[in-house]
Amino acid sequence: MREDYFIMPTSGVFSRRNTLRFTTLGILSLAVIPTLTACGKDYQGEVKLDSYDESAGSYEPATKEHPAQNVPKPKKPQDINDDSTGGLYSTLAFAAAAMQYALRTGDTSYLQEVNIPERTKVFFMSNSPFLGGTTWTDNPVVTIALKAGSPTKDGDTYTWPGHFKVDFGAWTVKDGTATDTQNNRLNLDQDIDIKAKYQNNAWTILSLDH
């Protein structure tokens, strides 16, 4: 991310007028800083991916008779690898969409395209309902919400407070039989501290833990 620096004059000779002028400009510069900061985009709220591949056809949500069909495929945002707050936001949005796609289709390939914690990948890969072939759930939903407009930085690590929710839905179909699973033990609903680092020209999500 870009860091701003103040440039001090190099000349050691100051007239009283120049000194007053420089002091006044300095005060004005300080007064402008909060305004410039406030002009930055506020990313607080649920992260959302704007672009999906819908070429497979009209999306049909899962029912107790059939699994979801023609689920839109997540597409990587153009700024996903940018060293910026927007790049980190896009990484989180794509990650959430990849998790949800895995649970709705059993296709975990998009999870391999984003750097998220290994245990998070394992959770979604092991619980992807289609891996059994005849099991699906009630249109699972994965959401990541941000509780601040931008992350804080400590060294080369960024921290963004948020909320992580995974809802497997109200029922599960297995071998043709639907079972009520509203209180699924796999559901997640917790506050988290998102830890991330920009390395090798991409964002790495270090943790999605509380």
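The opening residue of the sequence shown carries number -19 in the numbering used here; numbering runs sequentially from there.
The beta carbon of each residue, even a glycine, is placed where N, CA and C say it ideally should be.
When we look at the beta-carbon of residue i and count the other beta-carbons within 10 Å, is it buried (16 or more) or exposed?
| i | result |
| --- | --- |
| Asp62 | buried |
| Val122 | buried |
| Asn164 | buried |
| Thr157 | exposed |
| Tyr197 | With the chain covering -19 to 190 only, the question about residue 197 has no answer from this structure. |
| Asn146 | The question names Asn, but residue 146 in the sequence shown is Val. Val146 should be labelled buried. |
| Val102 | exposed |
| Pro41 | exposed |
| Ala75 | buried |
| Tyr178 | buried |
Tell me residue i's beta-bridge partners as DSSP assigns them.
| i | result |
| --- | --- |
| Asp160 | Trp151 |
| Gly142 | Leu126, Ile172 |
| Leu186 | Note: Leu186 sits in no beta bridge, so no partner. |
| Glu34 | Bridge partners of Glu34: none, in fact. |
Does the beta-carbon distance from residue i to residue j come in below 7 Å?
| i | j | result |
| --- | --- | --- |
| Asp171 | His143 | yes |
| Ala77 | Leu91 | no |
| Leu166 | Asn119 | no |
| Asp87 | Ser70 | no |
| Glu34 | Pro52 | yes |
| Asp22 | Gly129 | yes |
| Leu68 | Trp183 | yes |
| Gly100 | Asp155 | According to the sequence provided, residue 100 is Thr. The question's Gly does not apply to it. No. Outside cutoff. |
Any heavy atom of the ligand COA inside 6 Å of the beta-carbon of residue i?
| i | result |
| --- | --- |
| Val122 | With respect to small molecules bound, the structure shown includes none, and the ligand COA cannot be examined in it. |
Less than 8 Å between the CB atoms is what I'm expecting for residue i and residue j, so what's the real figure, rounded?
| i | j | result |
| --- | --- | --- |
| Leu186 | Gly25 | Not really, about 22 Å apart at Cβ, beyond 8 Å. |
| Arg84 | Ala48 | 5 Å |
(request) Could you pull out every unbroken beta strand (DSSP E) segment of at least 3 residues lying fully inside the segment 41 to 126, listed in chain order? (result) 115 to 117, 121 to 126
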